[in-house]
Structure formats: C-alpha cells, structure tokens
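Engineer: Below you'll find the structure I mean.
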Amino acid sequence: MTELLQPQSPGIPLPVPTLYSQPYWDGCKVGELRYQRCRDCGAITMDPAPACSACFSTNLDWEVSTGQGEVYSWTTVWRPQTPAFTVPYVAVIVTLDEGFWLLANLINCPVDAVHVGMRVKTTFVELSEEITLPYFEPVA
Amino acid sequence: MAKHPFHDVAIVGIANSEQARILEGHDSTTITFQAVHRVLADTGLSPSDIDGVAAGPFSGPLTYYMRNGPSWRHYMAPSIPTILDAASAIATGQCHTVLVAHGSAGVYTERASTAPWTRPAHEFVVAYGMFTAAEFALIAQRHMHMHGTTPEQLATVAATIRNNGHAHPEAVYHGRGPFTPDDILASRMVADPFHLLDCAMTSEGACALILTTRERAQDLPTKPVYILGGACDSFGPSYQHPPAWDLAGPDGQNNGYTGRWAAQKSFAMAELGPTDVDVCEFYDPFSFEIIRQFEAYGFCEEGEGGEFIMDGRIGPGGQYPVTTDGGTMSFSHGGAAVQQLQRVIRGVEQLRGTCVTSQVPDAQVAMCSNGGAGALFTDVMLLGTDTP
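If you want it as structure tokens, here you go:
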C-alpha cells in the first residue's frame, strides 16, 4: 500500500492570530473554514483582512465555506523549512468553490498523486490549544 | 535637456567586497566597509564628496562614521527601488552624489533550517513549511501546467547561469562546473520542480555603487553608465499570502507577469524595446524565473519562454546573454538584498566593458532586474552607455 502524506506533528511554528483574523482561527477549532464577504459589494476577501479587497469597505461579514475546491498549483517539498517539519510535505494553493484561494498542505494522499485540478476538501488537525490547522485531502 | 530626469544621472562607481559561503572574521558592518572603501577607490572620490547615503538601516551610522553630514539618506534595504530613489533625489536637486551600500555576514547561522530571510513568519503560511523555494515552485508549476514548460528547459537556464559563475574568478562557486542540464536534473529535489541546482545559493558579502549627476560624471575617471529607465511592480508582501500566478488588480495585469508594468514604463523612458537589449542581467532566484521574465518583459510571447531560452539564446555569444557573473546561483547571494544590487553592478561592468569573463562585445544597453513572482514583486532598470 502506498504511504499517505501525514499532517505535521506539534512543534512546528504556529500562527499568531490578529484582531481581524481571530474569527477565521475560531472557525477552524469548530471545523469551519470561514471567509469574509463584503456587505457593500458582495466580493470575497481572503486571506482575512481589515477591508474588502474589491471595494476597500470595512463592512465585512463572515461566511462558512463548503471547504471543497480544486488544486490550483502545488509543490512537493523535500528540504524542510526547519527540522521541525517532516518531509516530504506538499504545499497546495486551492481554489475553493466559492472562488477564493487558500494555501495549505495536502494530506491523506499518495505523494505522487497530486496534480492541478485535483478535487480536494478541508480537514482540520488540532496542533495546540489555540490553533487548529486546516489541511486539504482528496475528495473520496 | 534630458528626455527623462533619470537620464541626468550616471552610475560612476561600483564595487563588490570579497564574497564567500562564510566570511570568517567579518560581520555585516565590516564587510560593508570593505565595499565602501572599494567603491570610493573605483571613483577616486572621498567621503566628503558624498552627500547622500542609501544603506538601509546602516545609512545613519555610515553617515556618522564618514562625517559626511548633512546628508540625504534612505532607510530601505537597498535594491533597484533604492537606486531609483537615489537617482530621483539627484535629479530633483536634493543631493548630488549618493553612495548605495549593503552587506551581510554572520546572519545565517542556523544551517539545518533554510536561511532566515526565506521564511518570514506569517499566520497564513507559517505552519505549512513555506520558504522561498516552495513559494517560487508554486509559480513555476502553474506555468508548467498551463504551457507545458519542461524541467529540461528550467535546467538549461540553471546550467547556463552556473557556467557563467564557473568561469568567473570572483564567484563563490568559481570552478564548480561546467554543468550540463542533466547535471541540474540529477541534483536532489528541493521543492518540485526545483532541484538543488535550480535554486539560488546562500553566501555572504557586500557591494556598493555611487551615483552622481551627468555633469559631475564627466570629471571622474570611470566611464559613466546612464540610467535609461526604471520602475517597480508589487502585488503585496513576499511570502505571506498564496503566490498565485493569477493574482491581479483592476487592470488584469497578473502577478505571474509581475515586472511587465515596470518594463513597459522603463522601455518608454528609454525609447527602446526588448530587441535593443544587449545583455540581460536578470535576477535568478530560481531557474524558472528567467523564463518568466522573458515573457513578462515582452521578449517573447506568453507561454513561449521555455522554448525561447533554448538553443544557446541566453548563453555566451547568444542573442540575450543572461546573468553573466553567475548570479545568485553561483556568483553570490549575500542575504535579503545584497545580491539584488549586484545585478545592477554587473550591468554596469558589462557597459564599461570591464568584465573579466563573459563580457558581451560592445554592450550598449543592459536590462537589470530584482525580485520574482514567488515574492510578488519585480523591479526593472535599463542602463545605457548613452541616453536618447
């Protein structure tokens, strides 16, 4: 059986949320991939920001993504950023079905199976009390 | 009357310090001083002739040590935007002679990790093991998917640039080659599609330049090299957000072709086009970036860069020789910014006609660049032996 890519273990550097990104990380803890939508123009903003990336309005709401999308680009990393990371790991930019990009790692997938256009969905892994990370895995 | 204010400014001094993987007995300050002494010797100027200093956070200290105040100063780690700001300060009469200097030594010590400047912490990338090679790989993979660009084409770029450094006696990797594309493909994978030899190295070193007015340049011993044009593209901070090829603003120009806007403005200032360029001192953090820049700047059509760089076109004696000192892959990569200034220094050397190796015969116009799509910015400069 082919080995599947695994999530990283605790000990990797973790995100430090900001005032405007905290709802995103709170969502991850309850298994929701949250994104911002502008109440004025309807555009999506991602990564979380203090203002709409289309009209610069601060009138933003949080919505919950289906978590489904397709791989836009990928790279398999064999030289770790720091020794805290286990290789190989695969970084992907995914185009979510709502139309925004998210960068994360791909897991539960053979290392040589990743390709542009691959259908994936979010899966969440708790790495500390404060931080649960979104990863992507292939849609079965 | 100059057709563009930049044309009244000349680069009259250039210098590299010694460059090495590790410079024993040096820190960033001492190695910067070595480059400053060398650039003053190159021009025959003394500190009292300098009335502007652009050395990043070191600008203030350098002005104090040289006792050349009052002095114009610039606090951003110097690269092409800094040179353009210095040229603007001279052209607008804020000062007349600017020293640009930068050095780095003793910064990269934790060798089990990638260099610190390759992995700034940001909440949306920090936990995913991102660093420069992975960021630029996401750009390259997208292009390979869209256009069928091949690992062999990437390897051809890397072999060409590394062979330039192999020949250059002052390159950190002098004598390490020669390399064939197969040698590049046989090196270990770092971040697919980049093998180790598709990537920039890390090293230590410093460099410096002096800019002055066209008028003052005529009294100096060096052959003046003029700024024909220059501009800067940015799509955001480096290494914090997904480096998507299609990230774009309202006019549709995308991050995949970052540098196009800057190149178009630069060519317009210079009243030139790509076919007028004699030597391409392009920034080479990763092999694919050279292919991308030929497309971005309009040397070839979108998607054709992989074919364009084949058959010797970018090598010695080719139509567009690239990165002729060996660049960041083989000459030096001193940190976050030193190697960016070195692209301009090499462009000046080419136009002075003083390159010890890989001199392009009778080079009149050089195009220099910094950055890359994986870093969400590209800066461009055109240098010339004369102005329009």
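Those protein sequence lines, which keep their order, are chains A and B. If you use numbering that gives the first Met the number 0, the first sequence corresponds to residues 0 to 139, in order. If you use numbering that gives the first Met the number 0, the second sequence corresponds to residues 0 to 387, in order. Yeah, the Cβ is synthetic: ideal placement off N, Cα and C, and Gly gets one too.
(1) Does the beta carbon of B/Glu-300 come closer than 9 angstroms to any beta carbon on chain A?
(2) Give the straight-line distance between the Cα atoms of B/Gln-338 and B/Gly-326, rounded to the nearest whole angstrom.
(3) Taking its Cβ as the centre, do 16 or more other Cβ atoms sit within 10 Å of A/Thr-135, making it buried, or is it exposed?
(4) Mind pulling the chain A residues with CB within less than 8 angstroms of B/Phe-130?
(5) On a Cα-Cα basis, can you pick out the residue from B/Ala-120, B/Glu-23, B/Glu-109 and B/Phe-5 that is closest to B/Pro-80?
(6) Using three-state DSSP, classify B/Asn-122 as helix, strand or coil.
(7) If the cut-off is 7 angstroms on Cβ atoms, which residues from the region 108-128 of chain B count as contacting chain A, listed in chain order?
(8) A/Leu-101 versus chain B: which residues are under 9 angstroms apart at the beta carbon?
(9) With distances taken Cα to Cα, identify the nearest neighbour of A/Asn-104 among A/Tyr-88, A/Asp-39 and A/Leu-32.
(10) Would A/Pro-79 pass as a contact of B/Gly-228 if the rule is Cβ separation under 9 angstroms?
(11) Applying the 10 Å Cβ sphere with the 16-neighbour rule, what's the burial state of B/Gly-12?
(12) Is the region 287-296 of chain B close to the region 380-387 of chain B, with three or more CB pairs under 8 angstroms?
(13) Which chain A residues sit within Cβ distance under 7 angstroms of B/Asp-191?
(14) At a Cβ cut of 9 angstroms, what residues of the region 60-85 of chain B count as close to chain A, listed as they run along the chain?
(15) Helix, strand or coil: which one does DSSP assign to B/Arg-351?
(16) Distance cutoff 9 angstroms, beta carbons only. Does A/Tyr-34 sit that close to anything in chain B?
(17) Going by DSSP in three states, B/Met-188 sits in which element: helix, strand or coil?
(18) Once you ignore the five residues that flank B/Ser-186 on each side, which residues in its own chain have a CB closer than 6 angstroms to its CB?
(19) Evaluate B/Gln-403 with the Cβ neighbour count: other Cβ atoms within 10 Å of its Cβ, from every protein chain shown; 16 or more gives buried, anything less gives exposed.
(20) Can you name the residues of chain B whose CB is closer than 9 angstroms to the CB of A/Asn-104?
(21) Measuring alpha carbon to alpha carbon, tell me which residue in B/Pro-119, B/Ala-243 and B/Leu-153 is nearest A/Leu-102.
(22) Name the DSSP bridge partner or partners of B/Gly-102?
(23) Which residue marks the beginning of the alpha helix (DSSP H) containing A/Gln-7, and which one marks its end?
(24) Have a look at the DSSP bridge pairing and note the partners of A/Ala-161.
(25) Below 7 angstroms on C-beta distance, what does A/Asp-46 contact in chain B?
(26) Pull out every residue of the region 135-153 of chain B whose Cβ sits closer than 7 angstroms to any Cβ of chain A, in chain order.
(27) Ends of the alpha helix (DSSP H) at B/Asn-162?
(28) Let me confirm a value: B/Met-75 is counted as buried when at least 16 other C-beta atoms fall within 10 Å, else exposed. Which label applies?
(29) Could you tell me which chain B residues have their CB closer than 9 angstroms to the CB of A/Ser-20, listed as they occur along the chain?
(30) Where in the region 34-81 of chain B do unbroken runs of the alpha helix (DSSP H), each at least 4 residues long, occur, reported from the N-terminal end onward?
(31) Answer with buried or exposed for B/His-165, where buried requires no fewer than 16 other C-beta atoms within 10 angstroms of its C-beta.
(32) Report the neighbours of A/Leu-13 on chain B: residues whose CB is nearer than 8 angstroms to its CB, in chain order.
(33) For A/Leu-132, return the contacting residues in chain B, with the cut-off set at a CB-CB distance below 7 angstroms.
(34) Could you give the distance in angstroms between the alpha-carbon of B/Val-189 and the alpha-carbon of A/Phe-99?
Structural biologist: According to the data block:
(1) no
(2) 8 angstroms
(3) First, the amino acid is wrong: residue 135 of chain A is Phe here, not Thr. Looking at its Cβ environment, which holds 16 or more other Cβ atoms inside 10 Å, A/Phe-135 is buried.
(4) Gln-80
(5) B/Phe-5
(6) Just to set this straight, residue 122 of chain B is Glu in the shown sequence, not Asn. Of the three classes helix, strand and coil, the one that applies to B/Glu-122 here is coil, per DSSP.
(7) Ala-111, Ser-112, Thr-113, Arg-118, Ala-120, Glu-122, Phe-123, Val-124, Val-125, Ala-126, Tyr-127 and Gly-128
(8) Phe-123 and Pro-241
(9) A/Tyr-88
(10) no
(11) buried
(12) no
(13) Thr-74 and Thr-75
(14) none
(15) helix
(16) no
(17) strand
(18) His-194, Leu-195 and Leu-196
(19) No answer is possible for residue 403 of chain B: it lies beyond the span of chain B, which begins at 0 and ends at 387.
(20) Ala-126, Tyr-127 and Gly-128
(21) B/Ala-243
(22) B/Ala-205
(23) Where A/Gln-7 is concerned, there is no enclosing alpha helix (DSSP H), given that its DSSP letter is neither H nor E.
(24) No answer is possible for residue 161 of chain A: the residues shown for chain A start at 0 and end at 139.
(25) Phe-123 and His-240
(26) Ala-136, Leu-137, Gln-140, Arg-141 and His-144
(27) 150-166
(28) exposed
(29) Glu-122 and Phe-123
(30) 58-65
(31) buried
(32) Val-125 and Ala-126
(33) Ala-126
(34) 28 angstroms
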